[in-house]
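Contents: one structure, followed by commentary.
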């Protein structure tokens with residue numbers, strides 16, 4: 021068994037050496053945000069695969085692992101590009117239950133907010149937008165984005181579904 025403080029220190033070292041970063045849980049109050057859980061993202065999906073012991077196994081599309089790595093890749097690219105551009109931004113995620121979450125919230129200078137659902141699917145549809153539609157009510161004029169491998173740009177209600185390359189370009193410029 022590992023002491024939680026020791027584990028926390030290990031993650032601090034990973035963050036200090038730029039091997040990864042924390043994505044905090046969204047909260048309007050900084051004090052409350054510090055108490056909430058956060059997610060750790062390695063700087064590269066290959067590192068996560070090596071540490072999980074799965075690097076020698078072929079990565080299969082339409083699997084849970086592929087979906088996790090795809091989300092990790094998207095969050096990393098947005099984090100990296102916004103950091104390099106030296107623009108003011110804040111990244112977070114919002115999880116209210118097992119079934120309702122927003123994978124990535126991007127708050128840019130000037131108040132522009134992107135709420136992003138990330139799906140590795142090649143074909144998005146209405147069901148992929150449910151969390152965005154439900155949870156967006158708590159935000160003022162958010163831009164709702166469904167980011168995926170689907171090559172076809174679609175408007176699904178208030179949600180704009182974009183291929184990941186187009187979505188990253190929009191969010192990071």
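Residue numbers (the working numbering): 21 to 193. Each residue gets a CB set at the ideal place from its N, CA and C atoms; glycine is no exception. Just so it is clear, the structure is predicted and the values come from calculations on it, not from any experiment.
In the assembly as shown, residue 77 is an exposed residue. Its beta-carbon has fewer than 16 other beta-carbons within 10 Å. Residue state for residue 61 is assigned as strand, using DSSP reduced to three classes. In its chain, beyond the 5 residues on either side, 166, 168, 170 and 181 have a beta carbon closer than 6 Å to the beta carbon of residue 144. By DSSP's assignment, residue 167 forms a beta bridge with 138 and 182. Per DSSP, residue 89 is one residue of the alpha helix (DSSP H) stretching across 84-105. Distance between residue 160 and residue 133, taken at the CA atoms: about 8 Å. DSSP places residue 150 in the uninterrupted alpha helix (DSSP H) bounded by 150-155. By the Cβ rule, the stretch 115-124 counts as touching the stretch 145-155, because three or more pairs are nearer than 8 Å.
Note that the stretch 63-72 does not touch the stretch 135-142; fewer than 3 beta-carbon pairs, one per stretch, sit closer than 8 Å. In the DSSP annotation of this structure, residue 160 is not part of any beta strand (DSSP E), being labelled neither H nor E. Contact annotation, residue 60 with residue 87: C-beta distance approximately 17 Å; criterion of less than 8 Å not satisfied.
For residue 175, the pairing in a beta bridge is given by DSSP as 180. Apart from the 5 residues on each side of it in sequence, residue 117 has no Cβ closer than 8 Å to any other Cβ in its chain.
The closest CA to that of residue 32, considering only 64, 75, 108 and 58, is found on 58. Residue 113 is a Cβ neighbour of residue 44, given a cutoff of 9 Å. Short of 7 Å from the beta carbon of residue 184, and not among the five residues preceding or following it, lie these beta carbons of its own chain, in chain order: 94, 167, 168 and 169.
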